[in-house]
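Chemist: Chains as they are written, first to last, in the working numbering: chain A, 997 to 1794; chain B, 69 to 288. We treat Cβ as the ideally placed atom computed from N, Cα and C, and that holds for glycine. Just dropping this structure here.
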């Protein structure tokens, strides 16, 4: 029986090449898209979710009331003594880990090579136990119990020592400017890419790490939040009840001198990636909006392709009806026919699935770049992907097959064998489905246009600084440059193509540090929370930020570098009367004079409103920024590199262009726009393929009618409009449905930006014209061909 | 074998009832060869479909082998018609996607005949109808007469007690038509009850009884 069904199915596929192609190609592409997206969603969803203890591991995060950083006063970093104190206080806590990290440490191996590595220091062996590290050499219990010991991941060990045995070898690590020799005592299997620890290939003994930073004593005290605290709760612990006890714990344990009303909370570790609530989290923050948008897109595209199958299968119903009738006459039960048609759609879905898998394989690298995630090797053979992929195929097969199977198996044999089957006529459900397909495509197109115009707005908006032709060199970790930055700047200024040079704590595109500015207490003045940026004399000049009041810093005024600040217009407003040039303000106990007011510029992404800001000289420097004459970027980079080496730098020279850093800041928006534009293209393509199939069929069926109309004197134009009006009407209705959907979705999305492009009618009109045009072309081609045909041909056999 | 009492069939819309069959009383005994005649639209095919359980009467009683068909469930009906009744149509109604062999095999598949038994019966039938050489051809590779031959073969392969033939020679030229009629006659002589609808007096003469329909009534 199955063999019989299979034969029929295969012969049907081969016989109706156009329909089969539309179905298989559409479903294959849809399955491939769904497969890729599933890979991404599984990756993101599985982030930090795979440790055997995941359900019981919690991150402690802290609320520092009033201390807002980019709109939130929650922080993932906590004081070092917290873990121990909590463990002592609460029996519900089975274990805890306190983590410190040092990114881009310089590691020298046997005097040969220098590497930049990320280092983790933790209260081992609790770290290894809690996160189930898999050791291939050494004993996790004792590996870090001696001073000056480290364990490495297999990858790092291989990078350092090649094929040689790593145990017992030594490495020199520079932390906070101090170099120490460490002995390798263990090797562990690298964590998967979707673990927050994946990029940390070195774990050091906590005590030795602590001793290297011992002169920074406050690192280990309450009030200094720079450690990550993870708790392993006992089975059956109620998190709410535990959290409720924290306020009392704070009162009891934190010395009154540093207590500032902090509150502590717990977040399940697996939620910290996509649903992170706190600033400065450990791992890479996940892109929840991309995950949800892509999931929705996968479902929409699968639905569009399935609808194609349903529509074409039922439209061709009149052809299959005869077969159904005959089968019923010779004894088929309805259930057997349903099984047959379901079998056909299943087989089609399976065929499409195989092609889809090939597409996934081909597109994987491109996709991985698109979403900015490295899935790692073997991701396609991972059981969760294989099972998920099969489930997708199964669902598509069932979904597309169910409706045609029910409809087709319903035909009454008497009517069918008499030759009066009433299928294939204008079906209202079919029109509803086509409308839905097009509505989805149109909504996607409108969204694409709006997202692209917002991106364009970001790219072209005057942010208040000039980001072109600026080379950015990170210098904070390179002692030899950091300590002689003035000389380094001098050397650069000697060249005529270098317009200006400044060292600064942050780039103006994303300023991360803030503090309290106290007014002097005069009436009409107010305190204000302000972001701060440190730079040299040429800071404003380098970034072409304008002064609107007062003056820029000058080397001729001695007090400028020690006690002058320049505030932005927003801070000026916030300070009230004290925000005037010449007035004094108090910052961290030191008095500063306001020398000038700079024009507001966007100090964060355009998602956020412009915040109060001041610029002062001195302080910490992270970057050296070099403005060059247009066209001189290449030579300047090689010049800086030469100087870099001449100054005796140990680290390899790295640089970026400020314009690229700016673009990277909008990576999420960029990814979203790429994902949405790509999928809207696909959606409209698949939908049009379906429309093309339907019109082909509809014309086939109405060939005789067209013949008769032509004999009666209808012109080609009249026939074309007769054939296409129905479909164009559908597309028009789809537009009306899609517009409000897209409008509300995009309004919400745009509301996430403090600065945004206005939401006008244009995107919707463009979407309408596009879809009408494409649909018109798909329909028109066939309609014209049918209308031009000689009527005698179609009427001959009647 | 078949007993129809006061069978009526009509189609209704809001305004009018259109009668196709009126007060049909008919009995057919096992082994009979009945020809139903009448002008176009007189209800011949409808009558045949009702007897074949493809269509339900609007009123009246129908007993098949003494069982009340008008009271049966859909499932039982399918069961009954697939075991006892074979159909032959004017336009053959073979499944285009299946070969001659597979077309013959299909009814046996629906009756869950096991594989060996099935192969045997299909081979035997092919042999009996002289179509062994054509078993791998598709319907559109055969002439009309050959197609109707396959259709009859398919109707008899399940060894039905009753064959219902709706103008079996309607699409054939006279030579082929005669062959088909001879075949039906032979099947009847071997014990199968046959009811055929026909326009042709010649063909009607193959049967041993003629029923004439006019405007839905049986002419006395």
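(1) With 16 as the cutoff for other CB atoms within 10 Å, does residue 228 (chain B) come out buried or exposed?
(2) If you draw a straight line from the C-alpha of residue 1779 (chain A) to the C-alpha of residue 1394 (chain A), how long is it?
(3) Quick check on residue 1613 (chain A): does DSSP put it in helix, strand or coil?
(4) Taking beta-carbon pairs under 9 Å, can you tell me which members of the stretch 1317-1333 of chain A lie near chain B?
(5) Quick one: what does DSSP say residue 1034 (chain A) is sitting in, helix, strand or coil?
(6) Residue 1641 (chain A) lies in the alpha helix (DSSP H); which residues open and close that run?
(7) Quick one: any contact between the stretch 1726-1744 of chain A and the stretch 1433-1446 of chain A, if contact means 3 or more CB pairs under 8 Å?
(8) Use the C-beta contact count for residue 1495 (chain A): other C-beta atoms within 10 angstroms, 16 or more gives buried, fewer gives exposed.
(9) Should residue 1616 (chain A) be labelled buried (16 or more other beta-carbon atoms within 10 Å of its own) or exposed?
(10) Let me know the secondary structure DSSP gives residue 1418 (chain A) once reduced to three states.
(11) Can you find a C-beta in chain B that's less than 8 Å from the C-beta of residue 1019 (chain A)?
(12) In angstroms with no decimal places, state the Cα-to-Cα distance between residue 1313 (chain A) and residue 91 (chain B).
(13) With H, G and I counted as helix, E and B as strand and the rest as coil, what does DSSP make of residue 1454 (chain A)?
(14) Please identify, using Cβ separations under 8 Å, the residues of the stretch 1695-1712 of chain A that lie next to chain B, in order along the chain.
(15) Compare the C-alpha of residue 150 (chain B) against each of B:196, B:179, B:191 and name the closest.
(16) Could you check which residue in A:1165, A:1316, A:1257, A:1655 has the C-alpha nearest to that of residue 1461 (chain A)?
(17) Using 8 Å as the threshold, is the C-beta distance between residue 1272 (chain A) and residue 1281 (chain A) below it?
(18) In angstroms, rounded to a whole number, what distance separates the CA positions of residue 1777 (chain A) and residue 1738 (chain A)?
(19) Check each residue of the stretch 1634-1665 of chain A: if its Cβ is closer than 9 Å to any Cβ of chain B, include it; give the result in chain order.
(20) Determine the contact status of residue 1470 (chain A) and residue 1646 (chain A), defining contact as a CB-CB distance below 8 Å.
(21) Is the beta carbon of residue 1641 (chain A) sitting closer than 8 Å to the one on residue 1596 (chain A)?
(22) Using 8 Å as the threshold, is the stretch 1055-1062 of chain A in touch with the stretch 1312-1327 of chain A, meaning 3 or more CB pairs across them?
(23) Give the range of the alpha helix (DSSP H) segment to which residue 202 (chain B) is assigned.
(24) Would you say residue 178 (chain B) lies against chain A (beta-carbon separation less than 8 Å)?
(25) Could you tell me which of A:1102, A:1081, A:1104 sits nearest to residue 1094 (chain A), measuring between CA atoms?
(26) Can at least three beta-carbon pairs, one atom from the stretch 99-110 of chain B and one from the stretch 122-136 of chain B, be found at a separation below 8 Å?
(27) What residues from chain A crowd round residue 163 (chain B), counting only those whose CB sits closer than 8 Å?
(28) Note the first and the last residue of the continuous beta strand (DSSP E) segment covering residue 1192 (chain A).
(29) Taking 8 Å as the threshold (beta carbon to beta carbon), is residue 1419 (chain A) in contact with chain B?
(30) Verify whether the separation of the beta carbon atoms of residue 1042 (chain A) and residue 1190 (chain A) is less than 8 Å.
(31) With DSSP run on the structure shown, which of helix, strand or coil describes residue 264 (chain B)?
(32) Nearest by alpha-carbon distance to residue 1324 (chain A): which of A:1405, A:1292, A:1137 is it?
(33) Classify residue 217 (chain B): buried if its beta carbon has 16 or more other beta carbons within 10 angstroms, exposed otherwise.
(34) Could you give the DSSP three-state label for residue 153 (chain B): helix, strand or coil?
(35) Considering just the uninterrupted stretch of the beta strand (DSSP E) at residue 1543 (chain A), what are its terminal residues?
Modeler: Put simply:
(1) In the second chain, the residue the question calls residue 228 (chain B) occupies position 160. By the 10 Å Cβ count, residue 228 (chain B) comes out buried.
(2) Numbered from 1 along the first chain, position 783 holds the residue referred to as residue 1779 (chain A). Numbered from 1 along the first chain, position 398 holds the residue referred to as residue 1394 (chain A). When rounded, the distance between both Cα atoms is 33 Å.
(3) Looking up residue 1613 (chain A) in the first chain gives position 617. Three-state DSSP puts residue 1613 (chain A) in coil, outside helix and strand.
(4) 1318, 1319, 1321, 1322, 1323, 1324, 1325, 1326, 1327, 1328, 1329, 1330, 1332
(5) As a first step, residue 1034 (chain A) must be located in the first chain, where it is residue number 38. If DSSP states are grouped into helix, strand and coil, residue 1034 (chain A) belongs with the helices.
(6) As a first step, residue 1641 (chain A) is located in the first chain; it is residue number 645 there, counting from the start. Note, residue 1641 (chain A): alpha helix (DSSP H), 1629-1642.
(7) yes
(8) Here residue 1495 (chain A) is taken as the residue at index 499 of the first chain, counted from 1. When all chains shown are included, residue 1495 (chain A) counts as buried.
(9) Within the first chain, numbered from 1, the residue matching residue 1616 (chain A) stands at position 620. Under this definition residue 1616 (chain A) is an exposed residue.
(10) Looking up residue 1418 (chain A) in the first chain gives position 422. For residue 1418 (chain A), the predicted structure reports a pLDDT of 49, less than 50, and the residue's modelled location is therefore unreliable. A value from the coordinates is still provided. Three-state DSSP puts residue 1418 (chain A) in coil, outside helix and strand.
(11) What you label residue 1019 (chain A) is simply residue 23 of the first chain in a count that begins at 1. Cβ-Cβ to chain B under 8 Å: no for residue 1019 (chain A).
(12) Here residue 1313 (chain A) is taken as the residue at index 317 of the first chain, counted from 1. Here residue 91 (chain B) is taken as the residue at index 23 of the second chain, counted from 1. Near 36 Å, if we compare the C-alpha coordinates of residue 91 (chain B) and residue 1313 (chain A).
(13) As a working note, residue 1454 (chain A) is residue 458 in the first chain. Helix at residue 1454 (chain A).
(14) none
(15) What you label residue 150 (chain B) is simply residue 82 of the second chain in a count that begins at 1. Closest option to residue 150 (chain B), Cα to Cα, is B:179.
(16) Numbered from 1 along the first chain, position 465 holds the residue referred to as residue 1461 (chain A). Here the closest residue by C-alpha is A:1655.
(17) Within the first chain, numbered from 1, the residue matching residue 1272 (chain A) stands at position 276. Within the first chain, numbered from 1, the residue matching residue 1281 (chain A) stands at position 285. Contact: yes.
(18) Taking the first chain and counting its residues from 1, one reaches residue 1777 (chain A) at position 781. Taking the first chain and counting its residues from 1, one reaches residue 1738 (chain A) at position 742. If I take the Cα positions, the gap works out to 30 Å.
(19) none
(20) Counted from its first residue, the first chain places residue 1470 (chain A) at position 474. Counted from its first residue, the first chain places residue 1646 (chain A) at position 650. Not a contact, by the Cβ cut-off of 8 Å.
(21) If you number the first chain from 1, residue 1641 (chain A) lands on position 645. If you number the first chain from 1, residue 1596 (chain A) lands on position 600. For residue 1641 (chain A) and residue 1596 (chain A), no; Cβs fall outside 8 Å.
(22) no
(23) Residue numbering aside, residue 202 (chain B) sits at position 134 when the second chain is read from its first letter. From DSSP, residue 202 (chain B) is part of no alpha helix (DSSP H); its letter is neither H nor E.
(24) Mapped onto the second chain, residue 178 (chain B) falls at position 110. Answer yes: the Cβ-Cβ gap between residue 178 (chain B) and chain A drops below 8 Å somewhere.
(25) Reading the first chain from its first residue, position 98 is the one you call residue 1094 (chain A). Looking at the Cα atoms, A:1081 is the closest of the given residues.
(26) no
(27) Translated into the one-based positions of the second chain, residue 163 (chain B) becomes position 95. Per Cβ cutoff of 8 Å: 1004, 1319, 1322, 1323.
(28) Position 196 of the first chain, counted from the start, is the residue given in the question as residue 1192 (chain A). Careful: residue 1192 (chain A) lies outside any beta strand (DSSP E) and carries neither H nor E.
(29) Position 423 of the first chain, counted from the start, is the residue given in the question as residue 1419 (chain A). Unreliable positioning characterises residue 1419 (chain A) in this predicted model, as indicated by a pLDDT of 45, which lies under 50. The coordinate reading is nonetheless provided below. False, the Cβ-Cβ gap to chain B never drops below 8 Å.
(30) Start at 1 with the first residue of the first chain, and residue 1042 (chain A) comes out as number 46. Start at 1 with the first residue of the first chain, and residue 1190 (chain A) comes out as number 194. Taking 8 Å as the Cβ cut-off, residue 1042 (chain A) and residue 1190 (chain A) qualify as a contacting pair.
(31) Residue mapping note: residue 264 (chain B) aligns to position 196 of the second chain, counting from 1. Residue 264 (chain B) falls in the strand class under three-state DSSP.
(32) Indexing the first chain from 1 puts residue 1324 (chain A) at position 328. Considering only alpha carbons, the answer is A:1405.
(33) Numbered from its first residue, the second chain carries residue 217 (chain B) at position 149. With 16 or more other Cβ atoms within 10 Å, it is buried.
(34) To locate residue 153 (chain B), count along the second chain from 1; it is residue 85. Here residue 153 (chain B) sits in strand by DSSP.
(35) What you label residue 1543 (chain A) is simply residue 547 of the first chain in a count that begins at 1. Start and end: 1543-1546.
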